[in-house]
Amino acid sequence: MSFEDLPRDWAQRPLTDPDIFEDVVDLVTREKSRAAGAIMLLLCHPDGRMLQPIAIEDDTGPVALEVVDDGLRALLSGLVQHGMEHVVIVIARPGGVEVTEQDRHLKAVFEAGCCAAGMELLGLAVAAPEGVVAIPTGRSSDAA
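What follows is the structure, given as structure tokens:
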């Protein structure tokens with residue numbers, strides 16, 4: 001599957017819809033972000049439709065785990081203060097789509113950060129040059 005498989009009405013559907021989740025992630029995650037490494041926040045409307053993607057990139061290489069750990073709660077709290085309470089997070093990285101130990105660590109960081117900020121984590125995915133894979137987050141209606 002890829003963004004080329006998206007139905008015409010994808011923008012009116014929530015990202016929690018497993019039929020479009022990975023394809024939308026594929027659409028918004030640039031090749032450069034996947035090659036260099038980045039964190040993508042897909043801000044969503046309360047009904048789960050995507051509002052705005054945000055890429056957190058570092059031109060010197062992959063975003064360091066310490067930066068993610070230190071800055072995520074402040075960023076998410078600021079977003080909540082401005083009315084953003086729903087997000088999908090994407091780990092863009094080189095390599096394959098197999099979930100790694102680092103991905104599992106980031107998942108825990110993202111879940112804790114969202115919980116602390118009062119933001120709902122609607123979904124989580126890895127986007128690599130070879131494709132996209134959803135990572136289950138424990139939501140009862142998870143996109144994965």
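Quick note on numbering: this note's numbering labels position 113 of the sequence shown as 113, and the sequence is numbered without any gaps.
In this text, a Cβ means the ideal position worked out from N, Cα and C, and glycines have one as well.
Just the Cα atoms here: how many angstroms apart are residue i and residue j?
i      : j     : result
Ile89  : Met40 : 6 Å
Ile56  : Lys32 : 12 Å
Asp23  : His82 : 28 Å
Phe3   : Arg49 : 16 Å
Gly131 : Val97 : 6 Å
Taking DSSP as the reference, what is the three-state secondary structure of residue i?
i     : result
Leu41 : strand
His86 : strand
Can you say whether residue i is buried or exposed, counting buried as having 16 or more other CB atoms within 10 angstroms of its CB?
i      : result
Gly113 : buried
Tell me, to the nearest whole angstrom, how far the beta carbon of residue i is from that of residue j; I am working on the premise that it is less than 8 Å.
i      : j     : result
Met119 : Leu72 : So it is not a contact: roughly 10 Å between Cβ atoms.
Gly123 : Thr29 : The Cβ separation is near 13 Å, so there is no contact.
Is any non-hydrogen atom of the ligand ZN found closer than 7 Å to the C-beta of residue i, if you look at the structure I gave you?
i      : result
Gly118 : Looking at this structure, you won't find the ligand ZN or any other ligand, since it has none at all.
Tell me the residue span of the beta strand (DSSP E) that contains residue i.
i      : result
Gln52  : Met50 to Glu57
Ala128 : Glu120 to Ala128
Val133 : Gly131 to Ala134
How far does the alpha helix (DSSP H) with residue i in it reach, from first residue to last?
i    : result
Phe3 : Neither: Phe3 is in no alpha helix (DSSP H) and is coded neither H nor E.
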